[in-house]
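**Student:**
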Amino acid sequence: MDFDETPDEAAFRAEVKAFLDQHVPGLRSNERDQNSIFITDHEKEQAHVRRCRDWQRIKFDHGWAGITWPKAYGGRGGTSIQDGIFKQEEAKVIGASGVFAVGIGMAGPMLIAHGSDAQKERYLRPMLRGEEVWCQLFSEPGAGSDLGGLRTMAVRDGDEWMVNGQKVWTSGAHYSDWAILLTRTDVSAPKHRGITYFLVDMRTPGIEVRPLRQITGAAHFNEVFLSDVRIPHENIVGEINAGWGPMMTTLANERTLIGGGQSRTNIDDLIALARDTGTDDDPLIRQELAKAYTRMQIQTYLGYRVRTASLRGELPGPESSVMKLAVSLHLHEIGNLVMAMQQPAGMLSGVSAIDDGRWQMEFLGQFGARIGGGTDQIQRNTIGEKVLRLPPEPRVDKGIPFRDIPG
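What follows is the structure, given as structure tokens:
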């Protein structure tokens, strides 16, 4: 692989920088750009979501939204390399918000691969314009790592489906317009075959969203209750009882998104913290900084591998699990490092802390990174089975009708 940019790629990067230089300054708030998962004040979160919608619309109007998406649906029709270049430059000046992660990062690519023409026409452009924010209704109290165990039921009633159940750990459900939803539609089939994939309007009667307060103090995650929620039959993606395929595409894109996303913390931030705390001459700290830089480079090269596969027309595969695992382990180490550098000051929070408590948020947030988007254990299973070709773990419920599985 040649890591040097071609003249066309260098010209594309210059074009990206010119666009960002022109449009980003007027969009900035007085506060440091944040991922919405760390914002603890409701009004600030709502303002953040509005700014993200505005920025997404600016990108769409100037042809920078959906770099790899087909032009027919509002995208640029570019390559994954161009997409990576744009995200690199964007992350330097405005940061990653996470508001459109489910829609543009996961639901959109899934619809491009599995959706009907009518669904693509209806949903893709509003996603790219920032008009509709999406969330993911997959995990349940008894079905997180093993989504095949989900028990939210959908029963057909004419041209509609009646849905009842509970979802949990739904990021951004409280400000989302639409959701991708997995339901059980056939209890006589094995657990992975009786699942149907829906698109659901979050304003539908019967949907109740309850916030879940996190260790960071934010309430970005939610539990969602569905009580006699009616969904049109036309909102099924793919076929009835065949939702596992679109689901796997969604999760592969999620892991690629998490693994390939531009980190909010770069090596310069860490070196600056070391200098500010007077730990930059500590040999152990310097060693950990070197390890952090090495891990960041590894993530970059793993991202190149995924983009190269995309250039060959391949959908995200098990390499996305490698990326996700690498990122979650990296965030864990970064969290420990920034607390070690702050020493006793690491016990402070808010305005009393270094950088207004940014690093404490990094430390607290890294615990969830090893769970969300598939736990470390699930990623290792995927890597073992799909990459290393190791024997799969015993699955005693394989092939058994779902109704016969104890639960």
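For the sequence shown, our numbering gives the first residue as 619, with consecutive numbering after it. Backbone N, C-alpha and C define an ideal beta-carbon position, used for all residues, glycine too.
When you compare only the Cα positions, how much space is there between Q880 and H948?
**Tutor:** For the purposes of this step, residue 880 is taken as the residue at position 262 of the sequence shown. For the purposes of this step, residue 948 is taken as the residue at position 330 of the sequence shown. Only weak support is given to the placement of Q880: the predicted model assigns it a pLDDT of 48, under 50, and the value that follows is read from those uncertain coordinates. So the two alpha carbons sit approximately 13 Å from each other.
**Student:** Do you know whose CA, among G975, G783, G767, A971, lies nearest V773's CA?
**Tutor:** Here the question's residue 773 lines up with position 155 in the sequence shown. Closest option to V773, Cα to Cα, is G783.
**Student:** Is the CB-CB distance between L755 and A690 below 7 Å?
**Tutor:** As a first step, residue 755 is located in the sequence shown; it is residue number 137 there, counting from the start. As a first step, residue 690 is located in the sequence shown; it is residue number 72 there, counting from the start. No.
**Student:** Please state the DSSP three-state secondary structure of Q737.
**Tutor:** In the sequence shown, counting from the first residue as 1, residue 737 sits at position 119. DSSP places Q737 in helix when its eight states are reduced to three.
**Student:** Which partner residues of G783 appear in the DSSP bridge assignment?
**Tutor:** Start at 1 with the first residue of the sequence shown, and residue 783 comes out as number 165. Beta-bridge pairing links G783 to L844.
**Student:** Name the two residues that bound the continuous alpha helix (DSSP H) containing E661.
**Tutor:** Looking up residue 661 in the sequence shown gives position 43. From DSSP, the alpha helix (DSSP H) with E661 extends over 660 to 679.
**Student:** Quick one: what does DSSP say E749 is sitting in, helix, strand or coil?
**Tutor:** Counting from one through the sequence shown, the residue named residue 749 turns up at place 131. In this structure, E749 counts as coil in the three-state DSSP scheme.
**Student:** Within 7 Å of any Cβ in chain B, is that where the Cβ of G681 sits?
**Tutor:** Looking for chain B here will not work: only one protein chain is present.
**Student:** Rounded to whole angstroms, what's the CA-CA distance from K705 to M771? Just pull it up for me.
**Tutor:** Here residue 705 refers to the residue found at position 87 when the sequence shown is read from its first residue. Here residue 771 refers to the residue found at position 153 when the sequence shown is read from its first residue. Each residue's CA atom was taken as its position, placing K705 and M771 some 39 Å apart.
**Student:** Rounded to a whole number of angstroms, what is the C-alpha to C-alpha distance between D672 and F678?
**Tutor:** Position 54 of the sequence shown, counted from the start, is the residue given in the question as residue 672. Position 60 of the sequence shown, counted from the start, is the residue given in the question as residue 678. Computed Cα separation, rounded: 10 Å.
**Student:** Assess, as a yes-or-no matter, whether the stretch 799 to 809 is touched by the stretch 826 to 840 under the definition of 3 or more beta carbon pairs within less than 8 Å.
**Tutor:** no
**Student:** According to DSSP, simplified to helix, strand and coil, what is L1037?
**Tutor:** In the structure displayed, the chain extends from 619 to 1025; residue 1037 sits before or after that span and is not available.
**Student:** Take G721 as the anchor and find which of D775, A927, I703, D795 has the nearest alpha-carbon.
**Tutor:** Taking the first residue of the sequence shown as position 1, residue 721 is located at position 103. The shortest Cα separation from G721 among D775, A927, I703, D795 belongs to D795.
**Student:** For M965, count neighbouring Cβ atoms within 10 angstroms of its own Cβ and tell me buried if that reaches 16, exposed if not.
**Tutor:** Working through the sequence shown from its first residue, we reach residue 965 at position 347. Counting Cβ neighbours within 10 Å, M965 comes out exposed, since fewer than 16 surround it.
**Student:** Output needed for I989: all residues of its chain with C-beta closer than 6 Å, excluding positions within five of it in sequence on either side, in chain order.
**Tutor:** Position 371 of the sequence shown holds residue 989. Excluding its 5 nearest sequence neighbours in each direction, I989 has no C-beta neighbour in its own chain below 6 Å.
**Student:** Shortest alpha-carbon distance to D626 belongs to which of E937, T697, E661, P744?
**Tutor:** Looking up residue 626 in the sequence shown gives position 8. Nearest of E937, T697, E661, P744 to D626, Cα basis: T697.
**Student:** Is it the case that the stretch 887 to 900 contacts the stretch 847 to 857, given that we only count it when at least three CB pairs across the two stretches are under 8 Å?
**Tutor:** no
**Student:** In whole angstroms, what is the alpha-carbon distance linking L907 and I996?
**Tutor:** To locate residue 907, count along the sequence shown from 1; it is residue 289. To locate residue 996, count along the sequence shown from 1; it is residue 378. Taking the straight line joining both Cα atoms gives about 28 Å.
**Student:** Below 8 Å, how does it come out for the stretch 714 to 734 and the stretch 851 to 861: are there three or more Cβ pairs, yes or no?
**Tutor:** The stretch 851 to 861 and the stretch 714 to 734 touch, with three or more beta-carbon pairs separated by less than 8 Å.
**Student:** Cα-Cα, which of G681, F718, L1006 is closest to P936?
**Tutor:** The sequence position of residue 936 within the sequence shown is 318, counting from 1. For the residues G681, F718, L1006, the minimum Cα distance to P936 belongs to L1006.
**Student:** Tell me the DSSP secondary structure of D819 in three-state form.
**Tutor:** Here residue 819 is taken as the residue at index 201 of the sequence shown, counted from 1. If DSSP states are grouped into helix, strand and coil, D819 belongs with the strands.
**Student:** Straight-line CA distance for I903 to A958?
**Tutor:** Locating residue 903 in the sequence shown gives position 285, counting from the first residue. Locating residue 958 in the sequence shown gives position 340, counting from the first residue. Rounded to the nearest angstrom, the two C-alpha atoms are 8 Å apart.
**Student:** Taking the continuous beta strand (DSSP E) assigned at M771, which residues delimit it?
**Tutor:** Here residue 771 corresponds to residue number 153 of the sequence shown, with the count starting at 1. Counting along the chain, the beta strand (DSSP E) containing M771 begins and ends at 771 to 775.
**Student:** Could you spell out the range, first to last residue, of the alpha helix (DSSP H) harbouring A971?
**Tutor:** Taking the sequence shown and counting its residues from 1, one reaches residue 971 at position 353. Neither: A971 is in no alpha helix (DSSP H) and is coded neither H nor E.
**Student:** Measuring straight from C-alpha to C-alpha, what distance separates L729 and R669?
**Tutor:** For the purposes of this step, residue 729 is identified with residue 111 of the sequence shown, where counting begins at 1. For the purposes of this step, residue 669 is identified with residue 51 of the sequence shown, where counting begins at 1. Roughly 26 Å separates the two Cα atoms.
**Student:** Where do the N-terminal and C-terminal ends of the alpha helix (DSSP H) with V956 fall, by residue?
**Tutor:** As a working mapping, residue 956 is identified with position 338 in the sequence shown. Per DSSP, V956 belongs to the alpha helix (DSSP H) from 937 to 960.
**Student:** Output needed for E987: all residues of its chain with C-beta closer than 6 Å, excluding positions within five of it in sequence on either side, in chain order.
**Tutor:** As a working mapping, residue 987 is identified with position 369 in the sequence shown. Note on identity: in this sequence residue 987 is Ala, with Glu being the wrong assignment. Around A987: S946, L949.
**Student:** In the DSSP assignment, find the unbroken alpha helix (DSSP H) run with V634 in it and report its ends.
**Tutor:** Translated into positions along the sequence shown, residue 634 becomes position 16. Element bounds for V634: 625 to 641.
**Student:** Would I916 and G991 qualify as a contact pair, given that the criterion is a beta-carbon distance under 7 Å?
**Tutor:** Within the sequence shown, numbered from 1, the residue matching residue 916 stands at position 298. Within the sequence shown, numbered from 1, the residue matching residue 991 stands at position 373. Contact flag unset, no.
**Student:** Taking the alpha-carbon positions, what's the R1034 to V842 distance?
**Tutor:** It is not possible to answer for residue 1034, since the shown part of the chain is limited to 619 through 1025.
**Student:** Can you tell me whether T912 is buried or exposed? The criterion is at least 16 other CB atoms within 10 Å of its CB, across all chains shown.
**Tutor:** To locate residue 912, count along the sequence shown from 1; it is residue 294. Result: exposed.
**Student:** How would you label D701, buried or exposed, when you count the other beta carbons within 10 angstroms and need 16 or more for buried?
**Tutor:** For the purposes of this step, residue 701 is taken as residue 83 along the sequence shown, with counting starting at 1. Only buried fits D701, as 16 or more other CB atoms lie within 10 angstroms of its CB.
**Student:** Find the nearest neighbour of G931 within the set I699, A910, P901, R747, judged by alpha-carbon distance.
**Tutor:** On the sequence shown, position 313 is the one that residue 931 refers to. It is I699 whose Cα lies nearest to the Cα of G931.
**Student:** Could you give the distance in angstroms between the alpha-carbon of A761 and the alpha-carbon of P643?
**Tutor:** As a first step, residue 761 must be located in the sequence shown, where it is residue number 143. As a first step, residue 643 must be located in the sequence shown, where it is residue number 25. One C-alpha to the other measures close to 44 Å.
**Student:** Quick one, which of L638, S967, A709, G726 has its alpha-carbon nearest G692's?
**Tutor:** One-based indexing of the sequence shown puts residue 692 at position 74. Here the closest residue by C-alpha is G726.
**Student:** My understanding is that V786 touches I703, with C-beta atoms under 8 Å, so please give their C-beta distance in whole angstroms.
**Tutor:** Along the sequence shown, one-based indexing puts residue 786 at 168. Along the sequence shown, one-based indexing puts residue 703 at 85. So it is not a contact: roughly 37 Å between Cβ atoms.
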